[in-house]
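Per this note's numbering, residue 248 is the first one in the sequence shown, and the count goes up by one each step.
All C-beta atoms, glycine included, are put in the ideal place defined by N, C-alpha and C.
A quick note: this is a predicted structure, and the numbers were derived from the prediction, not measured.
I have placed the structure first, in the form of structure tokens, so that the comments after it can refer back to it.
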Amino acid sequence: MKLLVAVVSNDDVKALLNALMEAGHRATRLASTGGFLRKGNTTLLLGVRDNDVEKVLQILRRTCRRRTEPYPVSVSEHPTIIPPETVEVEVGGATVFILPIERFVHM
Numbered sequence: 248m249k250l251l252v253a254v255v256s257n258d259d260v261k262a263l264l265n266a267l268m269e270a271g272h273r274a275t276r277l278a279s280t281g282g283f284l285r286k287g288n289t290t291l292l293l294g295v296r297d298n299d300v301e302k303v304l305q306i307l308r309r310t311c312r313r314r315t316e317p318y319p320v321s322v323s324e325h326p327t328i329i330p331p332e333t334v335e336v337e338v339g340g341a342t343v344f345i346l347p348i349e350r351f352v353h354m
């Protein structure tokens, strides 16, 4: 048994949860905030059987896409240069931690 801790964009979480439920997986959803963009995201906790880990990772790959978005740059972040109004940054995708579980109890 493994605990998957998946940090995903709020833009992807609805499709991800639907796909997980269709495949018979449950998840605990926690609101979280990213550090760089300070943008809302979702952290999912999933208890997954060892033989289902790759299936869940495939669902994550399919539903959590990386993309670019404009990010405003302020003068206070770079006081010595005149910045463009925005820069393109890569967002989305998923960060997944896979941890062994000693015991899993569903009540």
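- From the listed residues Ala262, Glu316, Lys302, Thr333, the smallest Cα separation to lysine 249 is found for Lys302.
- Rounded to the nearest whole angstrom, the CA to CA distance from glutamate 316 to lysine 261 is 19 Å.
- Every alpha helix (DSSP H) stretch that sits fully inside the segment 252-287 and reaches 4 residues is listed by chain position as 257-269.
- Taken in chain order, the complete beta strand (DSSP E) segments of 3 residues or longer contained in the segment 297-322 are 313-319.
- In terms of Cα proximity to alanine 274, the closest of Thr310, Ala253, Arg314 is Ala253.
- At the C-beta level, asparagine 257 and asparagine 288 come within 7 Å of one another.
- Under DSSP, isoleucine 345 takes part in a beta bridge, and its partners are Leu251.
- With a threshold of 16 other beta carbon atoms within 10 Å, aspartate 297 falls short and is exposed.
- Alanine 341 sits close to cysteine 311, with the two beta carbons spaced by under 7 Å.
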